[in-house]
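A short worksheet on the structure shown next.
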Amino acid sequence: EADIYQTPRYLVIGTGKKITLECSQTMGHDKMYWYQQDPGMELHLIHYSYGVNSTEKGDLSSESTVSRIRTEHFPLTLESARPSHTSQYLCASSERGQGLGGELFFGEGSRLTVL
Amino acid sequence: DQQVKQNSPSLSVQEGRISILNCDYTNSMFDYFLWYKKYPAEGPTFLISISSIKDKNEDGRFTVFLNKSAKHLSLHIVPSQPGDSAVYFCAASERRVGAQGSNYKLTFGKGTLLTVNP
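Listed below in structure tokens is the structure:
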């Protein structure tokens, strides 16, 4: 069973607030990812990290930022939330990069609603 | 432009029958294909995968078939069980070489909601 945790699971906030979505994994994986998914749509990669102090933007442009100060922790921050940020955010980790053999381990997701 | 397409948003089957979920792709550089299952309010979990050098991979009740010439793969679940009811995502992997070395980019389809009726 994967050991990757996301908090909060659900968050409803007002426009303009700063929010941080937490993601932690206890598997010692070097690679971590953030995906964004809207209902009925595919998962889109918005950020990834191949190790401490390494972060890259994914294919889908996002106003969020990430940091990787510790191997196990990969938080995502929105400085000023807007209704367009309403979505589900999924954190994942892997041992050998995306997709090859070892696959991605996903957290349970953080569903963000911005009013 | 969607590179991984799951054209059936939903599928309903009877318990004990076969479920067949389909996936088409357009990028010939994809070399690894995966299926993920997602229950409501949970993250996706890996189900089964197949390398592009194979045409079939089987794991218990789950079998994935790959037809490279048609750029098509399918997931067969037999016999289907009510606990299989979930959204199934097809994903394809493409190797990319960058500053960090070789890594793999995963592209997901939109998913198919499978409902298995008792």
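Going down the list, the protein sequences come from chains A and B. First residue of the first sequence: 1080, per the working numbering; consecutive thereafter. First residue of the second sequence: 194, per the working numbering; consecutive thereafter. We put the CB at the ideal spot given by N, CA and C, even for glycine.
Check your understanding: With 8 Å set as the bound, which would you pick, yes or no: does the beta-carbon of A/F1153 sit closer than that to a beta-carbon of chain B?
Key -> no
Review point. Would the beta-carbon of B/V280 be found less than 7 Å away from any heavy atom of the ligand GTP?
Key: You won't find the ligand GTP in this model; it holds no ligand whatsoever.
**Study point:** Boundaries of the beta strand (DSSP E) in which B/E251 is found, first to last residue
**Key:** 249–252
Check your understanding: Nearest-angstrom Cα distance between A/L1100 and B/S262?
Key -> 42 Å
**Study point:** B/G304 to B/R289 span [Cα, whole Å]
**Key:** 24 Å
Exercise for review: Report buried or exposed for A/T1192, applying the criterion of at least 16 other Cβ atoms within 10 angstroms of its Cβ.
Suggested key: exposed
Review point. Buried or exposed: which applies to A/G1119, given that a residue is buried once 16 or more other Cβ atoms fall within 10 Å of its Cβ?
Key: exposed
Review point. How big is the Cα-Cα spacing for A/I1112 and B/S212?
Key: It should be noted that the sequence gives Tyr, not Ile, for residue 1112 of chain A. Distance between the alpha carbons of A/Y1112 and B/S212: 31 Å.
Review point. Which whole-angstrom value describes the C-beta separation of B/L259 and B/C283, a residue pair presumed to lie in contact below a C-beta threshold of 8 Å?
Key: Actually they are not in contact, since the Cβ atoms of B/L259 and B/C283 sit about 11 Å apart, beyond 8 Å.
Review point. Using 8 Å as the limit for Cβ to Cβ distance, is B/G302 near chain A?
Key: yes
Practice item. Would you mind sorting A/Q1085 into buried or exposed? The rule is 16 or more other CB atoms within 10 Å of its CB. Key: buried
Check your understanding: Of the residues that make up the segment 1089–1112 of chain A, which ones have a beta carbon closer than 7 Å to any beta carbon in chain B?
Key -> none
Review point. Short check: CB of A/S1166 to CB of A/H1108, under 8 Å?
Key: no
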